[in-house]
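Below is one structure; the comments refer to it alone.
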Amino acid sequence: MPQTTLPFLDLSQDILAPILYGIYANISTILPIGLGLFSIFLGIRIIPAVISRLFHT
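If you read the sequence shown in our numbering, its first letter stands for residue 116, the second for the next number, and so on.
So, in structure tokens, the structure goes:
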């Protein structure tokens with residue numbers, strides 16, 4: 116059976132620097148959107164449970 120080798124991914128600081136710079140530069144946009152999405156998903160989970168507890172007592 117032939118032996119296959121996976122390519123070695125070399126992540127250096129030079130490769131990650133533009134990605135991190137983009138995140139740092141746009142954190143004022145990313146953070147509110149992330150918090151908004153988190154609150155929407157949390158509300159979708161909690162609101163039906165609260166409504167069912169109010170009407171099934």
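By construction, the Cβ of each residue, glycine as well, lies at the ideal position given by its N, Cα and C atoms.
Residue i in three-state terms, based on DSSP
i: Asp125; result: coil
i: Thr144; result: helix
C-alpha gap between residue i and residue j, whole angstroms
i: Ile161; j: Thr119; result: 49 Å
i: Pro163; j: Leu150; result: 20 Å
i: Ala132; j: Asp125; result: 14 Å
i: Ile166; j: Ile130; result: 49 Å
i: Gly158; j: Ile134; result: 31 Å
Whole-Å CB distance - residue i paired with residue j, under 8 Å assumed
i: Ile138; j: Ile145; result: 7 Å
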